[in-house]
Amino acid sequence: MTMPIVGPNDELFLQRVMPGPNSVAWVEKIDPLTLETLAQSEQLAGGPMWPGGMAAHANGSLYVVFGNHAHRLSTDLAVIASFELPRVRPYNSFVILPTGHIATKDFSGPLPGQPNGAPMNNTELLILDPEDLHIVARLELAEPSIARLSADGNNIYVVGDHTLIRVIWNGESLLVDETFNARYRTLDGQTFGWDTVITDDDAWFLDNGEGTQLFTGSFRGVGISTAPLHLVRVNKQTGHVTLTEICGLPNGIVANPPVVDTRRQIVVGFDSGNGVISGFDYDENSVTLRWSHEQNHACHMLLIPETGQIVTADYRPELGCEQVVVLDITTGKEVARVSTSSPIQSAVFPAIGPRGDIYWCSMTTITRISVR
Numbered sequence: 015m016t017m018p019i020v021g022p023n024d025e026l027f028l029q030r031v032m033p034g035p036n037s038v039a040w041v042e043k044i045d046p047l048t049l050e051t052l053a054q055s056e057q058l059a060g061g062p063m064w065p066g067g068m069a070a071h072a073n074g075s076l077y078v079v080f081g082n083h084a085h086r087l088s089t090d091l092a093v094i095a096s097f098e099l100p101r102v103r104p105y106n107s108f109v110i111l112p113t114g115h116i117a118t119k120d121f122s123g124p125l126p127g128q129p130n131g132a133p134m135n136n137t138e139l140l141i142l143d144p145e146d147l148h149i150v151a152r153l154e155l156a157e158p159s160i161a162r163l164s165a166d167g168n169n170i171y172v173v174g175d176h177t178l179i180r181v182i183w184n185g186e187s188l189l190v191d192e193t194f195n196a197r198y199r200t201l202d203g204q205t206f207g208w209d210t211v212i213t214d215d216d217a218w219f220l221d222n223g224e225g226t227q228l229f230t231g232s233f234r235g236v237g238i239s240t241a242p243l244h245l246v247r248v249n250k251q252t253g254h255v256t257l258t259e260i261c262g263l264p265n266g267i268v269a270n271p272p273v274v275d276t277r278r279q280i281v282v283g284f285d286s287g288n289g290v291i292s293g294f295d296y297d298e299n300s301v302t303l304r305w306s307h308e309q310n311h312a313c314h315m316l317l318i319p320e321t322g323q324i325v326t327a328d329y330r331p332e333l334g335c336e337q338v339v340v341l342d343i344t345t346g347k348e349v350a351r352v353s354t355s356s357p358i359q360s361a362v363f364p365a366i367g368p369r370g371d372i373y374w375c376s377m378t379t380i381t382r383i384s385v386r
């Protein structure tokens with residue numbers, strides 16, 4: 015399993031995968047209370063394994079990018095269109111642009127189980143037509159990229175292995191913004207960044223992502239970066255980069271982004287290799303530590319802006335499971351904690367349902383958590 019999403023009419027859909035070198039995916043419609051399968055798509059062609067992604071489009075369709083294939087489905091889970099993408103690599107999910115087009119790119123990093131240090135090829139950005147998924151624009155970039163894409167309107171942000179790259183989509187073609195120069199990888203022992211969070215003024219992400227393909231149920235002890243793991247902040251106007259250490263320890267690792275609360279001007283990052291999560295205050299000119307504690311978190315976090323709470327995880331091998339932990343973003347203090355039935359650490363994507371329930375997902379397990 016890689017992600018649940020809430021689709022049209024508040025229906026709950028789950029992307030599932032069958033791992034392997036020629037892996038396949040499928041989508042299930044599941045009951046939002048019991049999690050029982052109500053309907054299932056046919057098997058969807060995939061390819062080289064990485065989690066991929068799924069989204070509900072404003073046109074009423076569901077889209078899946080997994081392996082080197084893209085698929086469009088109805089909410090009844092009938093396949094409307096499928097398209098084989100040009101490179102025999104995983105395509106690491108996608109973003110939907112204001113024009114309705116699908117932006118995706120290939121994944122440059124090593125695949126699960128492969129060793130560190132293999133040469134990486136430059137990534138190619140694709141724009142797909144939302145009707146039949148054919149390629150309407152493509153652009154090879156000057157760097158490899160491992161992270162998922164982010165977008166701010168028609169500006170697409172690509173975390174390269176050394177530089178944050180901004181690409182402009184004008185509705186017909188793609189163009190690298192040469193005025194934006196944001197080289198973040200400048201330290202000995204520092205490795206590439208993962209997914210970026212876009213706010214009005216900044217792009218935020220975490221570095222030291224090398225080694226994530228060696229995940230074996232937990233990221234503890236997997237990191238190889240000798241420099242401490244950083245919260246990376248890039249000003250969208252100037253390209254100015256600041257690096258702030260999460261905990262100051264070597265051998266950190268991440269595979270997911272921080273969470274940013276723009277209302278309270280607090281950003282939370284983590285180091286999955288060392289089991290630390292930290293909150294920072296930020297203003298126009300600075301990022302300063304607010305709180306920090308030990309916690310084995312690895313997946314996407316969820317922000318509940320009204321309450322100032324974040325939904326996080328804590329992998330507890332001594333208990334044989336991962337726990338979901340709600341934290342107060344202003345203090346880092348625990349508000350609530352509950353065990354899931356997942357025997358492994360989640361490195362993937364939870365969701366909040368229309369009734370406020372949390373749907374927590376790992377590669378083995380989905381859990382519904384009722385919030386009271």
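Per my numbering, residue 15 is the first one in the sequence shown, and the count goes up by one each step.
Even glycine gets a Cβ: it sits at the ideal position worked out from N, Cα and C.
Where the beta strand (DSSP E) containing residue i begins and where it ends
{"i": "His85", "result": "His83 to Leu87"}
{"i": "Glu308", "result": "Val301 to Glu308"}
{"i": "Cys313", "result": "Careful: Cys313 lies outside any beta strand (DSSP E) and carries neither H nor E."}
{"i": "Glu25", "result": "Element bounds for Glu25: n/a, residue is neither H nor E."}
{"i": "Phe294", "result": "Val290 to Tyr296"}
{"i": "Thr326", "result": "Gln323 to Arg330"}
{"i": "Pro18", "result": "Met17 to Val20"}
{"i": "Ser122", "result": "Note, Ser122: premise wrong, no beta strand (DSSP E); not H, not E."}
{"i": "Ser356", "result": "Ser356 -> no beta strand (DSSP E), and no H or E assigned at all."}
{"i": "Arg408", "result": "Any answer about residue 408 is impossible in this case: the structure gives the chain only from 15 up to 386."}
{"i": "Cys261", "result": "Looking at the DSSP string, Cys261 is not in any beta strand (DSSP E), and its letter there is neither H nor E."}
Residue i versus residue j: straight-line alpha-carbon distance, rounded
{"i": "Ile343", "j": "Leu333", "result": "26 Å"}
{"i": "Ser376", "j": "Met17", "result": "8 Å"}
{"i": "Pro100", "j": "Leu140", "result": "10 Å"}
{"i": "Ser292", "j": "Ile383", "result": "24 Å"}
{"i": "Arg277", "j": "Cys335", "result": "33 Å"}
Sequence-distant residues of the same chain with beta carbon closer than 6 Å to residue i, five excluded per side
{"i": "Thr379", "result": "Ser355 and Ser356"}
{"i": "Thr381", "result": "Thr354 and Trp374"}
{"i": "Leu228", "result": "Val236"}
{"i": "Val109", "result": "Ala117, Leu163 and Ala165"}
{"i": "Gly185", "result": "Thr113"}
Contact check, residue i vs residue j, beta carbons under 8 Å
{"i": "Val290", "j": "Ser300", "result": "no"}
{"i": "Phe363", "j": "Gly287", "result": "no"}
{"i": "Ala79", "j": "Thr118", "result": "It should be noted that the sequence gives Val, not Ala, for residue 79. Yes, the Cβ-Cβ distance between Val79 and Thr118 is below 8 Å."}
{"i": "Ala84", "j": "Leu142", "result": "yes"}
{"i": "Leu243", "j": "Asp209", "result": "no"}
{"i": "Ser122", "j": "Asn135", "result": "yes"}
{"i": "Ser239", "j": "Gly203", "result": "yes"}
{"i": "Gly61", "j": "Pro104", "result": "yes"}
Close-in-space but distant-in-sequence residues of the same chain around residue i (CB under 7 Å, 5 per side omitted)
{"i": "Gly167", "result": "Pro112"}
{"i": "Gly253", "result": "Phe194, Asn195 and Ala196"}
{"i": "Glu25", "result": "Lys43 and Thr89"}
{"i": "Arg86", "result": "Ser75, Tyr77, Ile94, Ala95 and Leu147"}
{"i": "Lys250", "result": "Asp215, Asp216 and Ala217"}
{"i": "Val274", "result": "Val211, Thr213, Trp218 and Val281"}
3-residue-minimum beta strand (DSSP E) runs that sit fully inside the stretch 45-97, ordered along the chain: Here the runs fully enclosed are 51-54, 58-61, 67-70, 76-80 and 83-87.
Suppose only complete runs of 4+ residues qualify. What are the alpha helix (DSSP H) ranges in the stretch 125-209, listed by chain order? Within the stretch 125-209, no complete alpha helix (DSSP H) run reaches 4 residues.
Mind listing, in chain order, the continuous beta strand (DSSP E) runs of no fewer than 3 residues lying wholly within the stretch 202-257? Listed in chain order, the complete beta strand (DSSP E) runs (minimum 3 residues) inside the stretch 202-257 are 216-220 and 244-249.
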